[in-house]
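1 is the number of the first residue of the sequence shown in the UniProt record's numbering; add one for each residue after it. In this text, a Cβ means the ideal position worked out from N, Cα and C, and glycines have one as well. This structure is a prediction, so every number in the text was calculated from the model and none was measured. Heads up, the thing below is written out as structure tokens.
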Amino acid sequence: MDQKKIVFQGEPGANSDIACRQAYPDFVPMPCPTFEDAFVAVSSGKAALGMIPIENSVAGRVADIHHLMPTSRLRIVAEWFLPIRNQLMAPRGATLDGLKTVESHIMALGQCRRFLRKIGVVTKVAADTAGAARIVAEAGDRTRGAIASRLAAEIYGLDILAENVEDEAHSTTRFIVLSKEPAVVEPNNGPVITTFVFQVRNIPAALYKALGGFATNGINMTKLESYMVEGNFAATQFYADVEGHPEERGLKLALEELAFFTQPKSLKILGVYPAHPIRATFAKRSQPEVAAT
Numbered sequence: 001m002d003q004k005k006i007v008f009q010g011e012p013g014a015n016s017d018i019a020c021r022q023a024y025p026d027f028v029p030m031p032c033p034t035f036e037d038a039f040v041a042v043s044s045g046k047a048a049l050g051m052i053p054i055e056n057s058v059a060g061r062v063a064d065i066h067h068l069m070p071t072s073r074l075r076i077v078a079e080w081f082l083p084i085r086n087q088l089m090a091p092r093g094a095t096l097d098g099l100k101t102v103e104s105h106i107m108a109l110g111q112c113r114r115f116l117r118k119i120g121v122v123t124k125v126a127a128d129t130a131g132a133a134r135i136v137a138e139a140g141d142r143t144r145g146a147i148a149s150r151l152a153a154e155i156y157g158l159d160i161l162a163e164n165v166e167d168e169a170h171s172t173t174r175f176i177v178l179s180k181e182p183a184v185v186e187p188n189n190g191p192v193i194t195t196f197v198f199q200v201r202n203i204p205a206a207l208y209k210a211l212g213g214f215a216t217n218g219i220n221m222t223k224l225e226s227y228m229v230e231g232n233f234a235a236t237q238f239y240a241d242v243e244g245h246p247e248e249r250g251l252k253l254a255l256e257e258l259a260f261f262t263q264p265k266s267l268k269i270l271g272v273y274p275a276h277p278i279r280a281t282f283a284k285r286s287q288p289e290v291a292a293t
């Protein structure tokens, strides 16, 4: 029997590849050149799942995903959090002092901004981290380095010149897992995340009114982002994550109130899926320490 496939954007050794291997060790990771290609692979049935990065705790959101998700007809069935450990690598025999340029994905360069400024190199944006490692390896130029994963260094035969060069130790990327079919998640059976998009009506205080139902029904909104629709400054779409299941009373009432203030048919639930266990640690981290008396 053929093993199931899970696609990711990038080349072998990318952080998305690592996330695939960690979250679905029984699946075969399959690289795709672009996010669009990854979405098509899942939609067409060439792959069962897609591992897609959505945001990083240091560098922010992956913008393309917000535009692709609402029209893809794919469902979010899981989430995965991957601590990011960036390695600075170069061809065998290279030295840190001899580097002139460092290339990587724009998110990785953003995660290592202070370190790169400190060593005084010119940065170059590449399509993805592992692709940058492959290109640097193929060029064989000891003045060129790349930022990528330890796995990428092993795959492409590069020396690691500096380890864990991310500016913040907490740098973590959140991934969503996509499938053609929705996840089977029962209400009132453990922590659940619901993801949806919506456009508010063009009336005063529409967003305030639309979100009021989440406050009055005790629903925690963990993510809310806005972005333009098709380059139209007058049309703003919102992307949101909330804790809870749409069939649970509180969230059901909140969504009903939200629908009243949104543009017709603009409210779309993209996924209802189990919350990753790491979320249970977030509240503990955010609680202020109380001095002993």
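Answer with buried or exposed for V290, where buried requires no fewer than 16 other C-beta atoms within 10 angstroms of its C-beta. As a first step, residue 290 is located in the sequence shown; it is residue number 290 there, counting from the start. Caution is warranted here: a pLDDT of 47 is assigned to V290, below 50, making its placement in the model unreliable, and the coordinate value is therefore given only provisionally. Its Cβ having fewer than 16 others within 10 Å, V290 is exposed.
In this structure, what does DSSP give as the bridge partners for M51? As a position in the sequence shown, residue 51 is number 51, starting the count at 1. Beta-bridge pairing links M51 to F8 and V177.
Within its chain, find whatever has a CB closer than 7 Å to the CB of G60; leave out the 5 residues flanking it on each side and keep chain order.
-> Along the sequence shown, read from residue 1 onward, the residue named residue 60 stands at position 60. Cβ neighbours of G60 beyond the five flanking positions: none.
Self-check item: Member of P25, D17 and I203 whose CA lies at the smallest distance from the CA of P31
Solution: Residue 31 sits at position 31 when you count from the first residue of the sequence shown. Ranking the options by Cα distance to P31, first place goes to D17.
Q. Where do the N-terminal and C-terminal ends of the beta strand (DSSP E) with G271 fall, by residue?
A. Along the sequence shown, one-based indexing puts residue 271 at 271. It spans K268 to P274 - the beta strand (DSSP E) in which G271 sits, taken as one unbroken run.
Query - Host beta strand (DSSP E) of L82 (start-end) - result: Looking up residue 82 in the sequence shown gives position 82. Run containing L82: R75 to P83, per the beta strand (DSSP E) assignment.
In whole angstroms, give me the CA-to-CA distance for I160 and A139. Your numbering for residue 160 matches position 160 in the sequence shown. Your numbering for residue 139 matches position 139 in the sequence shown. Rounded to whole angstroms, I160 to A139 spans 16 Å at the Cα level.
Count the other CB atoms within 10 Å of the CB of T71; is the residue buried (16 or more) or exposed (fewer)?
Translated into the one-based positions of the sequence shown, residue 71 becomes position 71. Burial call: exposed.
What are the start and end residues of the alpha helix (DSSP H) that includes G110? Indexing the sequence shown from 1 puts residue 110 at position 110. It spans I106 to Q111 - the alpha helix (DSSP H) in which G110 sits, taken as one unbroken run.
Among the candidates K118, A183, A215 and P277, whose CA atom is the shortest distance from the CA of I269? By one-based count along the sequence shown, residue 269 stands at place 269. Closest by alpha carbon: A183.
CB-CB length for I278 against E243, believed under 8 Å:
Against the sequence shown, residue 278 aligns to sequence position 278. Against the sequence shown, residue 243 aligns to sequence position 243. Not confirmed; about 14 Å, so no contact.
Thinking just about the alpha-carbon of each residue, which of T236, L178, T123 and N189 is nearest to the one in K100? Position 100 of the sequence shown holds residue 100. Measuring from the Cα of K100, the nearest candidate turns out to be T123.
Q. With distances taken from CA atoms, which of F260, A148, D141 and A94 is nearest L211?
A. Counting from 1 along the sequence shown, the entry for residue 211 is found at position 211. When only C-alpha atoms are compared, the closest one is F260.
Whole angstroms are fine: how far does the CA of P204 sit from the CA of C20? Locating residue 20 in the sequence shown gives position 20, counting from the first residue. Locating residue 204 in the sequence shown gives position 204, counting from the first residue. If you take the alpha carbons of C20 and P204, they lie about 44 Å apart.
Measuring only the C-alpha atoms, how far is S286 from K223?
Walking along the sequence shown from the start, residue 286 turns up at place 286. Walking along the sequence shown from the start, residue 223 turns up at place 223. Any reading at S286 needs caution, since the residue's pLDDT is 49, under 50, leaving its predicted position unreliable; the model's value is listed next. So the two alpha carbons sit approximately 16 Å from each other.
* Asked: Can you tell me the Cα-Cα spacing of F238 and E186, whole angstroms?
  -> What you label residue 238 is simply residue 238 of the sequence shown in a count that begins at 1. What you label residue 186 is simply residue 186 of the sequence shown in a count that begins at 1. Those two C-alpha atoms are separated by around 26 Å.
| field | Coarse secondary structure for N46, derived from DSSP in three states | value | Walking along the sequence shown from the start, residue 46 turns up at place 46. It is Lys, not Asn, that sits at residue 46 in the sequence shown. The answer is coil: DSSP assigns K46 none of H, G, I, E or B.
request  = Measure the CB-CB distance between N15 and I76 and report whether it falls below 8 Å.
outcome  = For the purposes of this step, residue 15 is identified with residue 15 of the sequence shown, where counting begins at 1. For the purposes of this step, residue 76 is identified with residue 76 of the sequence shown, where counting begins at 1. No, the pair does not count as a contact, with Cβ atoms beyond the cut-off.
Can you list, in chain order, the residues of its chain with a C-beta nearer than 7 Å to that of L267? Leave out the 5 residues immediately preceding and following it.
Within the sequence shown, residue 267 is the residue found at index 267, counting from 1. Closer than 7 Å at the Cβ level, and outside the excluded window around L267, lie F196, F198, L258 and A259.
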